[in-house]
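Taking it in order: structure first as structure tokens, then the write-up.
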Amino acid sequence: MRYDAVIIGSGVSGMTVAIILAKEGRRVLVLEQHSQPGGLMQHFRRQALVFPTGVHRLGSLDDGQILSRYFQYLEVRDKLSLKRMSADGFEEYSFPGLRFRVPIGQDAFRERLHQYFPREKVAIDQFFTDMNRLVSQFPLYNLLNESERSGPILESISLASYLDHLNCSRELKGILSASNPLYGIPPSECPLHTHFLVMDSFLNSSWRVDECATPLAEAFVKSLLAHGGEVRCNALVTNISASGGRVEGVVLANAEYIPTDLVIFTGHPRQILTLCPPGSFRPAFRHRLEDTQDTFGAFALALSWGHPDCTLVQCDTFIYNSWDTEAQYHQKLVSLSQRPSMIYCCAMPQEANREYAVTALVGIAPGEMTPFELTRRGERSEAYQAAKRSLARRILDTLQEHWPEQAPSLKMVDACTPLTFRDYTLTPWGTAYGIIKSASNFRHAQLSTETKVKNLFLAGQSIVQPGVMGALISGVYTGTAILGRNYLINKIKEETS
Ligand SMILES: Cc1cc2nc3c(=O)[nH]c(=O)nc-3n(C[C@H](O)[C@H](O)[C@H](O)COP(=O)(O)OP(=O)(O)OC[C@H]3O[C@@H](n4cnc5c(N)ncnc54)[C@H](O)[C@@H]3O)c2cc1C
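Residue numbers 2 to 498, in my numbering, belong to the letters of the sequence shown in order.
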């Protein structure tokens, strides 16, 4: 069977391109190496509780907001049951001696910052002015077609230098940079626009997907099937074949050959160096990809919370053990058994609200999992299990100290390391957000959706920006490269206005 397009990977980026092309009448096939579709959109069940893997919160889903419009166009919006997070505080930053809650809306956030930092009103106002200026320049974040695009958008200043330049106090810096684990780049390296885009999208509105009622991955699959697309799981692509510099098809691990005119690869971009025939790419491009660094990995502790009140359902909590929001990138949680510098916690609504499914995430620096990298799911060593238990215990201890009244009702359910993520999504060593695009090497690490191989495109979180919004926009970006920018943007606008 010949397909018009084969999409490798069924995460949000792959499903987005697949639905876009299927809606245009193209015959599309999504190939997924794992046994279930969805990539990081999947959830898992333990002890009757449902835990998300890589989508704990979504932003900008109110009517007319950007993710809502994309979801509407992709025909997933109506298939989801969404729970709004607290307007008065969807994020809480806990620093030594201060707990700060971020309300929904830039104006409300600004006002609260004014209350806490009355002497720094000028810097605070400048922060919001710059945020609005920068986010308004991103075409696909604002659904701008070619004629509406403004000039160059990328400013290579880092978040930390920018906050220094504003002369912010240590405490204000801490609060304005506390959410950096949501994209995995330390403030000293994070391009300012990356931070602003993520912050803005959640300040617009923040939501949980009720995975028990309407799983996110299923909504994407249903939409694709309704437009005649197909998804095949347990389908590991081992080769992308090309001839005369043009894509011809893909080969699966079972040696099956699937001919196609168009391939979109959405896994970690370094994989294409081994998937494509030798000589497909210029040495400079190959070296550039080989040189790229990855963001940290995630250690996720799944817990049950038996107490009747769980504020974490409505408000994510970032527990910092100092005002240093960079420390988490250098911590040695495995090799030196340190206590985590930061723990991010959230809880999901469940079918029966007697217990909540809490996820606690910490960042694992590259290299920390090296001693165990050769092990696979189901065959890990006792040393790996011991390291996992030890870190899980340190996280639980911190949470029980943070919420002493709930301590007896917080129970460990399961844990996964970056290697678990690696084995489910094939990212190298389990990097959480793929290739790091830092302020100093932004252009070097920036990859286009088009490749040297004709009709081989790239999409995914490493191409545009991490997060569901970034990965989805990367899929739209690929769609614009295939169908024409104005054509697709105008269509999305018309269908969602
Ligand atoms: C722990 C964690 C928590 C997160 N929380 C949030 C959150 O709350 N909100 C948010 O917006 N973002 C969050 N993110 C980020 C977000 O989940 C990702 O940025 C986004 O889902 C990535 O989508 P993707 O399509 O690029 O990649 P993926 O979802 O990884 O999809 C790629 C797919 O390609 C498949 N694949 C790879 N290679 C092959 C091959 N050779 N053959 C066949 N299939 C292949 C993989 O199996 C995978 O399914 C989180 C990430 C992590 C790790």
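All C-beta atoms in this analysis are idealised placements derived from N, C-alpha and C, irrespective of residue type, glycine included. No experiment lies behind these values; they were computed from the predicted model shown.
(1) Name the one or two DSSP bridge partners that H44 has.
(2) Check whether the stretch 37-57 and the stretch 65-72 touch, using three or more Cβ-Cβ pairs below 8 Å as the test.
(3) For ligand 1, is there any heavy atom lying closer than 7 Å to the beta carbon of M349?
(4) Please return the same chain residues whose Cβ sits closer than 8 Å to the Cβ of T450, not counting the five positions on each side in sequence.
(5) Please classify E406 as buried or exposed, where buried requires at least 16 neighbouring CB atoms within 10 angstroms.
(6) Given this structure, state the Cα-to-Cα distance separating V251 from P260, to the nearest angstrom.
(7) Would you call V123 buried or exposed, if buried means 16 or more other Cβ atoms sit within 10 Å of its Cβ?
(8) If we call anything under 8 Å between Cβ atoms a contact, is S342 one with Q329?
(9) Tell me which same chain residues have a C-beta within less than 6 Å of the C-beta of A218, skipping the five on either side of it?
(10) Using C-beta distances below 6 Å, list every residue in its chain close to K438, excluding the 5 sequence neighbours before and after it, in chain order.
(11) What is the DSSP secondary structure of D131, counted as helix, strand or coil?
(12) What is the residue span of the beta strand (DSSP E) that F101 lies within?
(13) Which residue from Q107, E352, C277, V335 puts its Cα closest to that of A49?
(14) Answer yes if the stretch 316-335 comes into contact with the stretch 169-184, meaning at least three C-beta pairs across the two stretches below 8 Å, and no otherwise.
(15) Please say whether A220 and L32 have beta carbons closer to each other than 8 Å?
(16) Below 7 Å, is the gap between the Cβ of P467 and the nearest heavy atom of ligand 1?
(17) Taking Y4 as the reference, which of L274, P216, L263 has the closest Cα?
(18) Go through its chain and collect everything with a Cβ distance to I186's Cβ below 7 Å, but skip five positions before and after it.
(19) Starting from the Cα of G435, find the closest Cα among Q386, V248, P367, A387 and give me that residue.
(20) Could you give the residue range of the beta strand (DSSP E) that holds S207?
(21) Check this for me: beta carbons of V363 and I396, under 8 Å apart or not?
(22) Report yes if the CB atom of T318 is closer than 8 Å to the CB atom of C346, and no otherwise.
Here's the rundown:
(1) Locating residue 44 in the sequence shown gives position 43, where the first residue counts as 1. In the DSSP output, where bridge partners are listed per residue, H44 has P53.
(2) no
(3) As a first step, residue 349 is located in the sequence shown; it is residue number 348 there, counting from the start. No, the beta carbon of M349 sits no closer than 7 Å to any heavy atom of ligand 1.
(4) As a first step, residue 450 must be located in the sequence shown, where it is residue number 449. Contacts found: F458, L459, A460, I464, S475, Y478, T479, A482.
(5) As a position in the sequence shown, residue 406 is number 405, starting the count at 1. By the neighbour-count rule (16 or more Cβ atoms within 10 Å), E406 is not buried but exposed.
(6) Taking the first residue of the sequence shown as 1, we reach residue 251 at position 250. Taking the first residue of the sequence shown as 1, we reach residue 260 at position 259. Cα to Cα, V251 sits roughly 7 Å from P260.
(7) To locate residue 123, count along the sequence shown from 1; it is residue 122. With fewer than 16 Cβ atoms within 10 Å of its Cβ, V123 is classed as exposed.
(8) Within the sequence shown, numbered from 1, the residue matching residue 342 stands at position 341. Within the sequence shown, numbered from 1, the residue matching residue 329 stands at position 328. Taking 8 Å as the Cβ cut-off, S342 and Q329 qualify as a contacting pair.
(9) If you number the sequence shown from 1, residue 218 lands on position 217. So the qualifying residues of the chain are P38, G39, M42, Q43.
(10) Counting from one through the sequence shown, the residue named residue 438 turns up at place 437. Answer for K438: A446, listed in chain order.
(11) Position 130 of the sequence shown holds residue 131. DSSP places D131 in helix when its eight states are reduced to three.
(12) As a working note, residue 101 is residue 100 in the sequence shown. First-last of the beta strand (DSSP E) with F101: 99-103.
(13) Translated into the one-based positions of the sequence shown, residue 49 becomes position 48. For A49, the nearest C-alpha among the options comes from E352.
(14) yes
(15) Position 31 of the sequence shown holds residue 32. Position 219 of the sequence shown holds residue 220. Going by C-beta atoms, L32 is not nearer than 8 Å to A220.
(16) Stepping through the sequence shown from its first residue, residue 467 is reached at position 466. Checking the Cβ of P467 against ligand 1 gives yes.
(17) Within the sequence shown, residue 4 is the residue found at index 3, counting from 1. Per the Cα distances, L263.
(18) By one-based count along the sequence shown, residue 186 stands at place 185. Answer for I186: T195, T296, I437, S439, listed in chain order.
(19) Residue 435 sits at position 434 when you count from the first residue of the sequence shown. Checking every option, the nearest Cα to that of G435 belongs to P367.
(20) Counting from 1 along the sequence shown, the entry for residue 207 is found at position 206. It spans 207-210 - the beta strand (DSSP E) in which S207 sits, taken as one unbroken run.
(21) Indexing the sequence shown from 1 puts residue 363 at position 362. Indexing the sequence shown from 1 puts residue 396 at position 395. Contact: yes.
(22) Start at 1 with the first residue of the sequence shown, and residue 318 comes out as number 317. Start at 1 with the first residue of the sequence shown, and residue 346 comes out as number 345. Contact flag set, yes.
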